[in-house]
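Trainee:
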Amino acid sequence: DYGPWYVVDGSNQVGIVDFPYNRPRPQDDDIPIRMTEFLGIPLYGMDLTHSGGNYMTDGMGISASTTLVWEENLGMTHAEIDQMVEDYLGVETYHVVPDPNNTYIDHIDCWGKFLAVDKVMIREVGPSHPQYDEIEAAADYFASQISACGTPYRVYRVYTSSLDRPYTNSLILNNKVLVPMMNSVWDDDAIASYEEAMPGYEVLGFTGGWVSTDALHCRTKGIADRGMLYIRHLPVVGNMPVGEDCEIAADIIPYSDEAIIADSVLVYYRLDSGSYTPINMAAAGGDTWTATIPAQPEGTKIAYYLHAADQSGRSENHPYIGAPDPHVFYSGYAIPSNLTITRQVDEVSLSWEPVSGATSYRVYSSNSPYAGFMEDLSGAFDGTTWTAPIINEKGFYYVTAVSD
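Each number in the numbering used here comes from the position in the sequence shown (counting from 1) with 9 added on.
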């Protein structure tokens, strides 16, 4: 809760931002100062009362806290708080949301967790839980927000039962996810929820004296890799025009100041369920590297990830885990507008506006919102309405237009 927040300045130097800890614990409050002395890195004092448990960030300029940050800084306007986190932390979008748990601590890590730039996990409780409506509202809020990838957040849920088990109070370090275990029948389900949301990561459970407001994230803090190999890339998502190549660009920055190994900078791409094909990226000036994924037939699913290495011995992927959870886009699908979905007890009906030039349409379903086209329910058909029995209880549907 009182550990340092790491930032990187315009010279690619790692430093620490120190905030006044929101508890009367002066020795705890001095930990960031001691860490800068130990690591020999700059210290920046941000005069904003806060705590680590009430802050999560995606590393791409978006962060989130509960309204506790407003309540503990009454001498500042909300706009002044937003400006301070931008000035010191590089945060351009600061989500400040009500705490849905109705506990004394009001920390976001008690119910929410950024898992990746475009993924967030929100706790789940049964309808009889007194805070059910508030927790569902929090999940709906993030599902409606746009991530730094330019897509809505993919919201995953972990069931915490009526006893408020702290499964979201976890820690992600490198390719591992450390999850607090409660010796509960729900522990295995919590592990499975993280494994579903974060394929390729090793999900590990840890027992301890955890309580609903105090678990792994509250008690531990990762330390920045001062020589990290940083890949900044805004992924290609959605649908690309048929017949056009797709350019992939990334900034690749070795904080170690060691040279990048040029022939290690690659884009690996896969078509539908095929194998990955590597393409060398070319230096395009400054820190930027580019490559081109060739044009593909309409409807092709393209998955890809980036890889790079430098002379310090570091190698990294983007997304971090690489092949098990790549970026995905599609070639040539057009998305009809004004999609309307009507659900009855045992059937679902969809209708939409016609797409100019379309010769047919397809309906797909997914078990997770914004996850992509998972199951073809309809095959190609004429018309702009479709009705069928419900086969996907969660009911996330997609309609695409096809041209011959």
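Just so it is clear, CB atoms sit at the ideal spot from N, CA and C, and this is done for glycine as well.
Among P208, E211, L182, S170, which one has its Cα closest to the Cα of S193?
Mentor: Within the sequence shown, numbered from 1, the residue matching residue 193 stands at position 184. With distances taken between Cα atoms, S193 lies closest to S170.
Trainee: Is the beta carbon of L98 less than 9 Å from the beta carbon of M44?
Mentor: To locate residue 98, count along the sequence shown from 1; it is residue 89. To locate residue 44, count along the sequence shown from 1; it is residue 35. Not in contact: L98 and M44 (Cβ atoms no closer than 9 Å).
Trainee: Got a sec, what are the start and stop residues for the beta strand (DSSP E) A199 sits in?
Mentor: For the purposes of this step, residue 199 is taken as the residue at position 190 of the sequence shown. First-last for A199: 196 to 206, but that is the alpha helix (DSSP H), not the beta strand (DSSP E).
Trainee: Helix, strand or coil, according to DSSP, for C227 in the structure here?
Mentor: The residue you call residue 227 lines up with position 218 of the sequence shown. Helix.
Trainee: I think Y168 touches E133, with their Cβ atoms under 8 Å apart; what is that distance to the nearest whole Å?
Mentor: Position 159 of the sequence shown, counting from 1, holds the residue named residue 168. Position 124 of the sequence shown, counting from 1, holds the residue named residue 133. Contact flag correct, Cβ pair sits at about 5 Å.
Trainee: Measuring alpha carbon to alpha carbon, tell me which of V26, Y103, R174, I302 ends up nearest W219.
Mentor: Numbered from 1 along the sequence shown, position 210 holds the residue referred to as residue 219. It is R174 whose Cα lies nearest to the Cα of W219.
Trainee: In angstroms with no decimal places, state the Cα-to-Cα distance between M249 and Y370.
Mentor: Your numbering for residue 249 matches position 240 in the sequence shown. Your numbering for residue 370 matches position 361 in the sequence shown. Roughly 17 Å separates the two Cα atoms.
Trainee: Under 8 Å, with one C-beta from each stretch per pair, do the segment 69 to 85 and the segment 153 to 162 reach the 3-pair mark?
Mentor: Touching, yes, given that three or more Cβ pairs across the two stretches are closer than 8 Å.
Trainee: Out of L243, D115, I200, P107, which one is the CA nearest neighbour of S221?
Mentor: On the sequence shown, residue 221 is found 212 positions in, with the first residue counted as 1. Selected option, being the one with the closest Cα: D115.
Trainee: Should G236 and S265 be called a contact, given that it needs their Cβ atoms to be closer than 9 Å?
Mentor: In the sequence shown, counting from the first residue as 1, residue 236 sits at position 227. In the sequence shown, counting from the first residue as 1, residue 265 sits at position 256. Result yes, Cβ atoms of G236 and S265 sit closer than 9 Å.
Trainee: What span of residues does the alpha helix (DSSP H) with D234 cover, start to end?
Mentor: For the purposes of this step, residue 234 is taken as the residue at position 225 of the sequence shown. Taken as a continuous stretch (DSSP letters only), D234 belongs to no alpha helix (DSSP H), as it is neither H nor E.
Trainee: Should D18 and P41 be called a contact, given that it needs their Cβ atoms to be closer than 9 Å?
Mentor: Locating residue 18 in the sequence shown gives position 9, where the first residue counts as 1. Locating residue 41 in the sequence shown gives position 32, where the first residue counts as 1. Contact: no.
Trainee: Can you tell me whether DSSP reads D27 as helix, strand or coil?
Mentor: In the sequence shown, the residue the question calls residue 27 occupies position 18. Three-state result, D27: strand.
Trainee: Any idea what DSSP makes of R34, helix, strand or coil?
Mentor: In the sequence shown, counting from the first residue as 1, residue 34 sits at position 25. In this structure, R34 counts as coil in the three-state DSSP scheme.
Trainee: From A397, V354, D355, pick the residue whose C-alpha is nearest to that of V372; which is it?
Mentor: To locate residue 372, count along the sequence shown from 1; it is residue 363. Ranking the options by Cα distance to V372, first place goes to A397.
Trainee: Are there 16 or more other CB atoms within 10 angstroms of the CB of T86, so buried, or fewer, so exposed?
Mentor: As a first step, residue 86 is located in the sequence shown; it is residue number 77 there, counting from the start. When all chains shown are included, T86 counts as exposed.
Trainee: Just tell me which of A293, Y313, G294 has its CA closest to the CA of V276.
Mentor: Taking the sequence shown and counting its residues from 1, the one referred to as residue 276 is at position 267. That would be Y313, whose Cα lies nearest to the Cα of V276.
Trainee: Where V212 and E325 are concerned, what is the direct C-alpha to C-alpha distance, given to the nearest angstrom?
Mentor: Within the sequence shown, residue 212 is the residue found at index 203, counting from 1. Within the sequence shown, residue 325 is the residue found at index 316, counting from 1. Roughly 20 Å between the two C-alpha positions.
Trainee: Would you report the Cα separation of E253 and I302, rounded to the nearest angstrom?
Mentor: Within the sequence shown, numbered from 1, the residue matching residue 253 stands at position 244. Within the sequence shown, numbered from 1, the residue matching residue 302 stands at position 293. About 9 Å.
Trainee: Just tell me which of L280, G62, M290 has its CA closest to the CA of H336.
Mentor: For the purposes of this step, residue 336 is taken as the residue at position 327 of the sequence shown. The candidate whose alpha carbon is nearest that of H336 is L280.
Trainee: What number of angstroms, rounded off, separates the C-alpha of G341 from the C-alpha of V164?
Mentor: Numbered from 1 along the sequence shown, position 332 holds the residue referred to as residue 341. Numbered from 1 along the sequence shown, position 155 holds the residue referred to as residue 164. Going from the Cα of G341 to the Cα of V164 covers about 26 Å.
Trainee: Go through the segment 104 to 134 residue by residue and report every complete run of the beta strand (DSSP E) that reaches 3 residues or more, in order.
Mentor: DSSP runs (the beta strand (DSSP E)) wholly in the segment 104 to 134: 121 to 125, 128 to 133.
Trainee: Within 10 Å of its beta-carbon, does D142 have 16 or more other beta-carbons around it, so buried, or fewer, so exposed?
Mentor: On the sequence shown, position 133 is the one that residue 142 refers to. It counts as exposed.
Trainee: Give the DSSP-derived three-state secondary structure of G70 in the structure shown.
Mentor: Counting from one through the sequence shown, the residue named residue 70 turns up at place 61. In the structure shown, G70 sits in coil (DSSP, three-state: anything other than H, G, I, E or B).
Trainee: DSSP three-state label for I270, please.
Mentor: By 1-based counting over the sequence shown, the position of residue 270 is 261. I270 falls in the coil class under three-state DSSP.
Trainee: Between I261 and Y239, is the Cβ-Cβ spacing less than 9 Å?
Mentor: Here residue 261 is taken as the residue at index 252 of the sequence shown, counted from 1. Here residue 239 is taken as the residue at index 230 of the sequence shown, counted from 1. Yes, the pair counts as a contact, with Cβ atoms nearer than the cut-off.
Trainee: Can you name, in chain order, every residue of its own chain whose Cβ lies under 6 Å from the Cβ of S153, other than the five neighbours on each side?
Mentor: As a first step, residue 153 must be located in the sequence shown, where it is residue number 144. For S153, where only same-chain residues beyond five positions count, there are no Cβ hits under 6 Å.
Trainee: Whole angstroms are fine: how far does the CA of Q22 sit from the CA of G331?
Mentor: For the purposes of this step, residue 331 is identified with residue 322 of the sequence shown, where counting begins at 1. For the purposes of this step, residue 22 is identified with residue 13 of the sequence shown, where counting begins at 1. If you take the alpha carbons of G331 and Q22, they lie about 26 Å apart.
Trainee: Please look up how many angstroms separate the CB atoms of I50 and I25, rounded, as I've assumed it's under 8 Å.
Mentor: Taking the sequence shown and counting its residues from 1, one reaches residue 50 at position 41. Taking the sequence shown and counting its residues from 1, one reaches residue 25 at position 16. Contact holds; Cβ gap of about 6 Å.
Trainee: State the CB to CB distance for the pair V105 and W79, rounded to an integer number of angstroms; the pair is presumed to be in contact (CB under 8 Å).
Mentor: Your numbering for residue 105 matches position 96 in the sequence shown. Your numbering for residue 79 matches position 70 in the sequence shown. Yes, V105 and W79 are in contact; Cβ-Cβ is about 6 Å, under 8 Å.
Trainee: Just to confirm the assignment, what range does the beta strand (DSSP E) spanning I90 have?
Mentor: What you label residue 90 is simply residue 81 of the sequence shown in a count that begins at 1. Not the beta strand (DSSP E): I90 falls in the alpha helix (DSSP H), residues 87 to 98.
Trainee: State the start and end residues of the unbroken beta strand (DSSP E) segment that holds A312.
Mentor: Stepping through the sequence shown from its first residue, residue 312 is reached at position 303. First-last of the beta strand (DSSP E) with A312: 310 to 318.
Trainee: Figure out for me which residue from G12, S20, V16, F47 has the closest Cα to the Cα of N31.
Mentor: The residue given as residue 31 occupies position 22 in the sequence shown. Among G12, S20, V16, F47, the Cα nearest to that of N31 is on G12.
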